[in-house]
Amino acid sequence: MTQEKSTDIVVQSSSALALPDENTFKHDLQSINKFQQIVRANMIEGQDYGVIPGTDKPSLYKPGAEKITKLLGLCDRYEVIEKVQDWAKPFFHYMVKCQLIAASSGITISDGLGSCNSMEARYRWRDAKKKCPECGKETIIKGKEEYGGGWICFGKLGGCGAKWPGGTEAIEKQVTGRVENDDIYSLVNTLLKMAEKRALVDAALHAGRLSNIFTQDVEDMPAFSSDAKAAKPANTEPAKAQPAKTAAKAPANPDGITEAQLKKLFAAAKEKGLEHQTVVAYMTSVYGVSSSSGLTKRQASELIEAIEQGSVAPAAEAKQPELTDGDFK
Ligand SMILES: [Zn+2]
2 MTQEKSTDIV VQSSSALALP DENTFKHDLQ SINKFQQIVR ANMIEGQDYG VIPGTDKPSL
62 YKPGAEKITK LLGLCDRYEV IEKVQDWAKP FFHYMVKCQL IAASSGITIS DGLGSCNSME
122 ARYRWRDAKK KCPECGKETI IKGKEEYGGG WICFGKLGGC GAKWPGGTEA IEKQVTGRVE
182 NDDIYSLVNT LLKMAEKRAL VDAALHAGRL SNIFTQDVED MPAFSSDAKA AKPANTEPAK
242 AQPAKTAAKA PANPDGITEA QLKKLFAAAK EKGLEHQTVV AYMTSVYGVS SSSGLTKRQA
302 SELIEAIEQG SVAPAAEAKQ PELTDGDFK
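For what it's worth, this note's numbering labels the leading residue of the sequence shown as 2, then goes sequentially.
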């Protein structure tokens, strides 16, 4: 066991007064640069990281974070530091701390926080479709007029094939579209794992001093801005100067939707054939804003994803598959 700096990675200083001398400092900087080059060379786009449309920096994904910890010889340890488990409501929230520990010395190299809760849009809502009264599956589609209209539990979607005439209340009175997820309980483990994942990514970025290369996986960031990341003191590293073009492009609100996101949003809506009012209605109900200019970067990113995944739809029937004659035999 030696106290000598065996790793080239700067250990998060426990005392702000312990400033390194100039040579150590230069050496450390070189080490960081070198490590960053190694990371760049080893990361696979789309697998370890990805560029989310409308964002400036690539986002680090979980496999990338795991790769970084491996390159640095670190072990991960998790601790739930805050939790709300309201089974009656139901509401679940987890904040997890991830510590990355040098396998050789046992010294904690960095830590990160990640949280996740069941009120995040992706967990809170689900896209309800008409449910078959017979088999219970959400496989109901509208029958074609030339075959007598009505409703059919579509076999090609895994339905039972039952049919109903038009006007059947058991079908038509059903609430569809965006509804509260009635099965939050089955998400509890997912929420905890997601919090752990976010904490790991946060910790890995700190450990490798990689925040100037990568950002958190924005798709996985909580919908609330008052989460751990925001509350964390910004003492880990100085913010890199943003390229001038970003600054020029940025609207008054630095966290607001970017021009690139706006373009992407319109393109996604157009591609899915969504009416302007459908998108606005969704924005209003999910984010409480009636204009895309009121969205934050994160919200915009979420919204784009929701549209691309088909979660934003005017009506449940909008996505029905093509019927063929065989379906009405
Ligand atoms: Zn059925």
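Glycine included, C-beta positions come from ideal geometry on N, C-alpha and C.
Values in this document were obtained by computation on a predicted structure and should not be read as measured data.
Would you call I45 buried or exposed, if buried means 16 or more other Cβ atoms sit within 10 Å of its Cβ? exposed
Rank D112, E306, Y283 by C-alpha distance to the C-alpha of L75 and give the top, closest one. D112
Which word fits K174, buried or exposed, when buried means at least 16 other C-beta atoms lie within 10 angstroms of its C-beta? exposed
Is the beta carbon of A163 within less than 7 Å of some heavy atom of ligand 1? yes
Would you give the residue range spanned by the beta strand (DSSP E) that Q100 belongs to? 92-103
Whether or not the region 203-213 and the region 145-165 are in contact is what I'm after, with contact meaning three or more pairs of Cβ atoms, one per stretch, closer than 8 Å; do they touch? no
Under the three-state DSSP convention, the category A163 falls into: coil
Look at the Cβ atom of I214, then the Cβ atom of Q37, and state whether they are nearer than 8 Å. yes
Residue environment, I53, which counts as buried when at least 16 other CB atoms sit within 10 Å: buried
Should Q278 go down as buried or exposed, given a rule of 16 or more other Cβ atoms within 10 Å for buried? exposed
Buried or exposed: which applies to V313, given that a residue is buried once 16 or more other Cβ atoms fall within 10 Å of its Cβ? buried
Distance, Y288 Cα to V180 Cα: 15 Å
Once DSSP output is grouped into helix, strand and coil, what is the label at E83? strand
With 16 as the cutoff for other CB atoms within 10 Å, does R78 come out buried or exposed? exposed
Provide the residue span of the beta strand (DSSP E) that contains D203, from first to last. Here D203 belongs to no beta strand (DSSP E); instead the alpha helix (DSSP H) covers 189-208.
Cβ atoms of E135 and A1: under 8 Å apart, would you say? The structure shown does not extend to residue 1, since the chain spans only 2 to 330, so no value can be given for it.
Would you call I108 buried or exposed, if buried means 16 or more other Cβ atoms sit within 10 Å of its Cβ? exposed
With a cut-off of 8 Å, does the C-beta of Y124 fall near any C-beta of chain D? Note that chain D does not occur in the displayed structure, where there is just one protein chain.
Are the region 181-192 and the region 120-130 touching, with three or more C-beta to C-beta distances below 8 Å? yes
Paired residues, beta bridge with S116 - DSSP: M96
Please determine whether the Cβ atom of T169 lies at a distance below 7 Å from any heavy atom of ligand 1. no
State buried or exposed for Y186, treating a residue as buried only when at least 16 other CB atoms are found within 10 Å of its CB. exposed
Distance check for S119 and F93, CA to CA, integer angstroms please. 5 Å
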